[in-house]
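J.: Structure below; questions to follow.
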Amino acid sequence: MLRIAIVEDEAEMRDILKRYLNHFFSEKKVDISIFEFEDAISFIDKYKCDYNLIFLDINLPHMTGLEAAKKIRELDKTTMLIFVTNLVQFAVNGYQVQAFDYLVKPVNYNNFALTMNRALPSLNSSSESILVVDNKRVMHRILLSKLKYIEVVDHILKFHVDDMVIETYDSLKKYESMLTRYDFFSCNRCYLVNLRFVTSIIKNEVVVGDEKLLISRPKKAEFVQALNRYLGGSQA
């Protein structure tokens, strides 16, 4: 399910965006939850890094949408931002906060749908993600398409994402039950592997990207079967 926030002080505009969103995503057969905020300050005060998409009016009272976007980016580097404005000259500054696009008021459905169709592949990817609070209390949205494997060392989970490692205190079993349907499988009690990154199995090791992880003897047959199902396209 996609979580979408609308930060807009005009009730009529909020209603229009809600109607457009419900119509667009019902056609795409995608479930959404919409959250409304009348001003940026209340939104930032309660901000959690769990929105896939945020619509921000630029001309908001007390704190502009651009100011709010800068604060959002301090907390959340990955959520998609779309500005809604009648001030086109300010919308072009969206590159400062990696805004995806902007919609000019009055917003018509055709322009809205064009933007959303371009955004949909990225939104679908972001919906396949997990939120992790690291040991420094920093929130991370980890895209499953970039998560190679999870490792547990002395009760610390290490999320190997591209070229970085995010550490937190948590249970590997929790993520094993959560991620099985996304083609993650355990090769031993210390590793939960994203099968899309497996390049080969050599004796008692699985090659994940450029790294070799040990496969335990009791897990090997089950792991190989899971990998074969994934490669054959029959994994749910």
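Okay, so the sequence shown: first residue is 0 according to numbering that gives the first Met the number 0, each after it adds one. The beta carbon of each residue, even a glycine, is placed where N, CA and C say it ideally should be.
1) Near TYR190, what residues of its chain come up, given a Cβ to Cβ distance below 6 Å and the 5 sequence neighbours on each side ignored?
2) Can you tell me whether ASN193 is buried or exposed? The criterion is at least 16 other CB atoms within 10 Å of its CB, across all chains shown.
3) Beta-carbon within less than 7 Å of ASP44's beta-carbon, same chain only, minus the 5 sequence neighbours each way: which residues are those?
4) Between which two residues does the beta strand (DSSP E) containing ARG2 stretch?
5) Determine the burial state of TYR46: buried for a count of at least 16 other Cβ atoms within 10 Å of its Cβ, exposed for fewer.
6) Quickly, what does DSSP pair TYR148 with across the bridge? List them, please.
7) How big is the Cα-Cα spacing for VAL207 and ALA98?
8) Under three-state DSSP, which class holds THR179?
9) Between which residues of its own chain and MET62 is the CB-CB distance below 6 Å, once the five residues before and five after are set aside?
10) Ignoring anything shorter than 3 residues or poking outside the stretch 1–55, list the beta strand (DSSP E) runs there in chain order.
T.: Straight from the coordinates:
1) TYR148, GLU150, LEU212
2) buried
3) none
4) 1–6
5) buried
6) HIS159, VAL192
7) 33 Å
8) helix
9) ALA39, ILE40
10) 1–6, 31–36
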